[in-house]
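Participant:
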Amino acid sequence: MIRNNPLSGIYTEPFERMRKFEYIIPLIYFLLLIIGVFAVRTATYGEYIEDNYYKQIIFSTLGIIVFFTAYFLKESFLKRIIGYLYSFTIFLLIYVLVFERARYGARRWIRVGPVGIQPSHLFLIFTLIIFAKYLAEKNKKAYYILSLTTLLGLGLIFKQPDLGMTLFTFGLWFMLTYVSGEHEKTWKTSMFLMLFSSPFAFYFMKDYQKARIIGFLFPEKNAAGVAYNTLQAMRAIGSGGFFGKGYLNGFMNLSDFVPEDHNDFIISVIGEEFGFLGITVIILLYGILIYRMYIYAQKTSRRFWKYIYFGTSLIIFFHVFENIGMNLGIMPVTGVPLPLISYGGSQIIIFSFLLGLVTKGIATTESYAEENYIDDETNFKGEMN
Numbered sequence: 162m163i164r165n166n167p168l169s170g171i172y173t174e175p176f177e178r179m180r181k182f183e184y185i186i187p188l189i190y191f192l193l194l195i196i197g198v199f200a201v202r203t204a205t206y207g208e209y210i211e212d213n214y215y216k217q218i219i220f221s222t223l224g225i226i227v228f229f230t231a232y233f234l235k236e237s238f239l240k241r242i243i244g245y246l247y248s249f250t251i252f253l254l255i256y257v258l259v260f261e262r263a264r265y266g267a268r269r270w271i272r273v274g275p276v277g278i279q280p281s282h283l284f285l286i287f288t289l290i291i292f293a294k295y296l297a298e299k300n301k302k303a304y305y306i307l308s309l310t311t312l313l314g315l316g317l318i319f320k321q322p323d324l325g326m327t328l329f330t331f332g333l334w335f336m337l338t339y340v341s342g343e344h345e346k347t348w349k350t351s352m353f354l355m356l357f358s359s360p361f362a363f364y365f366m367k368d369y370q371k372a373r374i375i376g377f378l379f380p381e382k383n384a385a386g387v388a389y390n391t392l393q394a395m396r397a398i399g400s401g402g403f404f405g406k407g408y409l410n411g412f413m414n415l416s417d418f419v420p421e422d423h424n425d426f427i428i429s430v431i432g433e434e435f436g437f438l439g440i441t442v443i444i445l446l447y448g449i450l451i452y453r454m455y456i457y458a459q460k461t462s463r464r465f466w467k468y469i470y471f472g473t474s475l476i477i478f479f480h481v482f483e484n485i486g487m488n489l490g491i492m493p494v495t496g497v498p499l500p501l502i503s504y505g506g507s508q509i510i511i512f513s514f515l516l517g518l519v520t521k522g523i524a525t526t527e528s529y530a531e532e533n534y535i536d537d538e539t540n541f542k543g544e545m546n
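This is the structure we're talking about:
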């Protein structure tokens, strides 16, 4: 029985949640945070941005708080507020285009004192949660309305411009629609339109986006230009060999030969100092994380959590594949961070929330939830009503 307390409508009792706790996902989460702190430390060692190391510790601490906040949130409360959060994020996307100053040719960030908030990241996770809610309820009217507002959000993100996040959010919407099995005509039509319009998309890109794609296709002709970062990252990774040069011993990293090595190209730091073995360990950690969520998505009978597990695994896969891919020269540079490892509070908080939510869902649906649910999408007896 749930004890009567002031937070009973928001948080679920810790002891009930602990009846079955998924340990592997939180363990990998904490390992990635620790790796990120040490990687940022060596990436900024002796540089004017060395204080980013201490900021990363603060970001990671905030991330842990967010993780457990998401873990103890009630599903019913989350479903009640997600519509407001989603709508507010649309407002933030408009706000950032109208009122924020451009930085490096893009309007992506809202500054709140020393903290930077990236609305497109918030839009990505709130899109996942709200579609999980209405796809689980098989509410077709809400689905089509949300699809239109998501299209608006995609347009606003593309306008910033942020091509990577535009493609990620579209890919998330597309895959959620596909796996739902309820909107076959929608995803087939979307695929056709995407393939048909792809040749024309290049025309609408910003000059720097075109340059990145050209640099990706012809890196040897742009070695001193747009392909410079990728080529330097590849050299740093290659110089690390199999075992690497050791922590704080990466010459290219410490000599600042790899731009943005604390952020977009942080895997090059790991590759130089810990070699192929270090990168393999990182990929294995992400692989286990994604695989665990995929397995739970297959196992659970709750449609809402099925979409949450699947969507979160997809978001992490998108980020990892693109980030490591652009460091290895197999993907164009898009400014996508490596989850929980790259420097930055925004991405740490977002992935902390998602993984906290996933861990909560597993503990809920795989323990006492199975005994207390009436059917696939009805509420908990007592707690969820």
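Oh and the sequence shown: position 180 is 341 in the working numbering, straight run, nothing missing. Backbone N, C-alpha and C fix where the C-beta goes; we use that ideal spot for every residue, glycine too. Here the structure is a predicted model, which is why all the values come from computation and not from measurement.
Could you tell me whether the region 503–514 touches the region 223–235, using the rule of 3 or more Cβ pairs below 8 Å?
Facilitator: With the cut-off at 8 Å, the region 503–514 and the region 223–235 touch.
Participant: Note down the Cα distance separating residue 457 from residue 518, rounded to an integer number of angstroms.
Facilitator: In the sequence shown, counting from the first residue as 1, residue 457 sits at position 296. In the sequence shown, counting from the first residue as 1, residue 518 sits at position 357. Spanning the two alpha carbons is a distance of roughly 13 Å.
Participant: Could you compute how far the alpha carbon of residue 415 sits from the alpha carbon of residue 204?
Facilitator: On the sequence shown, position 254 is the one that residue 415 refers to. On the sequence shown, position 43 is the one that residue 204 refers to. Near 7 Å, if we compare the C-alpha coordinates of residue 204 and residue 415.
Participant: Give the DSSP-derived three-state secondary structure of residue 526 in the structure shown.
Facilitator: Against the sequence shown, residue 526 aligns to sequence position 365. Helix, per DSSP.
Participant: Ordered along the chain, which non-local residues of its own chain (more than five positions away) have a Cβ less than 8 Å from that of residue 339?
Facilitator: Looking up residue 339 in the sequence shown gives position 178. Within the same chain, residue 339 has close Cβ partners 348.
Participant: I'd like the span of the beta strand (DSSP E) that includes residue 419, first residue to last.
Facilitator: Position 258 of the sequence shown holds residue 419. Looking at the DSSP string, residue 419 is not in any beta strand (DSSP E), and its letter there is neither H nor E.
Participant: Using 10 angstroms around the beta-carbon of residue 352, count the other beta-carbons present and answer buried if the total reaches 16, otherwise exposed.
Facilitator: Locating residue 352 in the sequence shown gives position 191, where the first residue counts as 1. Residue 352 should be labelled exposed.
Participant: Would residue 514 and residue 286 qualify as a contact pair, given that the criterion is a beta-carbon distance under 8 Å?
Facilitator: Taking the sequence shown and counting its residues from 1, the one referred to as residue 514 is at position 353. Taking the sequence shown and counting its residues from 1, the one referred to as residue 286 is at position 125. Going by C-beta atoms, residue 514 is nearer than 8 Å to residue 286.
Participant: Quick one: using the 10 Å Cβ neighbour count with 16 as the cut-off for buried, is residue 446 buried or exposed?
Facilitator: One-based indexing of the sequence shown puts residue 446 at position 285. Buried, because 16 or more other Cβ atoms sit within 10 Å of the Cβ of residue 446.
Participant: Tell me where the beta strand (DSSP E) around residue 271 begins and ends.
Facilitator: Against the sequence shown, residue 271 aligns to sequence position 110. 271–273 is the extent of the beta strand (DSSP E) around residue 271.
Participant: Taking only the alpha-carbon atoms, compute the straight-line gap between residue 261 and residue 402 and give it to the nearest angstrom.
Facilitator: Walking along the sequence shown from the start, residue 261 turns up at place 100. Walking along the sequence shown from the start, residue 402 turns up at place 241. Distance between the alpha carbons of residue 261 and residue 402: 44 Å.
Participant: Identify, in the order they occur along the chain, each residue of the same chain with its Cβ nearer than 7 Å to the Cβ of residue 400, setting aside the five sequence neighbours on each side.
Facilitator: Residue numbering aside, residue 400 sits at position 239 when the sequence shown is read from its first letter. Excluding sequence neighbours, residue 400 sits near 413, 433.
Participant: Measure the alpha-carbon distance for residue 357 versus residue 186 and round it to whole angstroms.
Facilitator: Residue mapping note: residue 357 aligns to position 196 of the sequence shown, counting from 1. Residue mapping note: residue 186 aligns to position 25 of the sequence shown, counting from 1. When rounded, the distance between both Cα atoms is 39 Å.
Participant: So, with DSSP's three-state summary, where would you put residue 491?
Facilitator: Numbered from its first residue, the sequence shown carries residue 491 at position 330. Coil.
Participant: Would you kindly work out how many angstroms separate the C-alpha atoms of residue 526 and residue 516, rounded to a whole number?
Facilitator: For the purposes of this step, residue 526 is identified with residue 365 of the sequence shown, where counting begins at 1. For the purposes of this step, residue 516 is identified with residue 355 of the sequence shown, where counting begins at 1. Taking the straight line joining both Cα atoms gives about 15 Å.
Participant: I'd like the span of the alpha helix (DSSP H) that includes residue 462, first residue to last.
Facilitator: If you number the sequence shown from 1, residue 462 lands on position 301. Note, residue 462: premise wrong, no alpha helix (DSSP H); not H, not E.
Participant: Using a Cβ-Cβ cut-off of 6 Å (strictly less than) and excluding sequence neighbours within five positions of residue 230, which residues of its own chain qualify?
Facilitator: For the purposes of this step, residue 230 is taken as residue 69 along the sequence shown, with counting starting at 1. No residues qualify anywhere along the chain.
Participant: Go to residue 338, then tell me how far its alpha helix (DSSP H) extends in each direction, as first and last residue.
Facilitator: As a working note, residue 338 is residue 177 in the sequence shown. Run containing residue 338: 324–341, per the alpha helix (DSSP H) assignment.
Participant: Quick check on DSSP: helix, strand or coil for residue 502?
Facilitator: For the purposes of this step, residue 502 is taken as the residue at position 341 of the sequence shown. It is coil, neither helix nor strand.
Participant: Could you give the distance in angstroms between the alpha-carbon of residue 355 and the alpha-carbon of residue 501?
Facilitator: In the sequence shown, residue 355 corresponds to position 194, counting from 1. In the sequence shown, residue 501 corresponds to position 340, counting from 1. Computed Cα separation, rounded: 31 Å.
Participant: Just how far apart, CA to CA, sit residue 554 and residue 294?
Facilitator: Since the first residue of the chain shown is 162 and the last is 546, residue 554 is not available in this structure.
Participant: Could you give the first and the last residue of the continuous alpha helix (DSSP H) run that contains residue 201?
Facilitator: What you label residue 201 is simply residue 40 of the sequence shown in a count that begins at 1. Note, residue 201: alpha helix (DSSP H), 185–204.
Participant: Tell me the rounded alpha-carbon separation between residue 247 and residue 288.
Facilitator: Locating residue 247 in the sequence shown gives position 86, where the first residue counts as 1. Locating residue 288 in the sequence shown gives position 127, where the first residue counts as 1. Each residue's alpha carbon lies about 7 Å from the other.
Participant: So, under 8 Å CB-CB, residue 439 and residue 451 are touching, yes? Tell me the CB distance rounded to an integer number of Å.
Facilitator: On the sequence shown, residue 439 is found 278 positions in, with the first residue counted as 1. On the sequence shown, residue 451 is found 290 positions in, with the first residue counted as 1. The pair is not a contact, with the Cβ atoms about 19 Å apart (cut-off 8 Å).
Participant: In whole angstroms, what is the alpha-carbon distance linking residue 303 and residue 499?
Facilitator: Along the sequence shown, one-based indexing puts residue 303 at 142. Along the sequence shown, one-based indexing puts residue 499 at 338. So the alpha carbons of these two residues sit roughly 33 Å apart.
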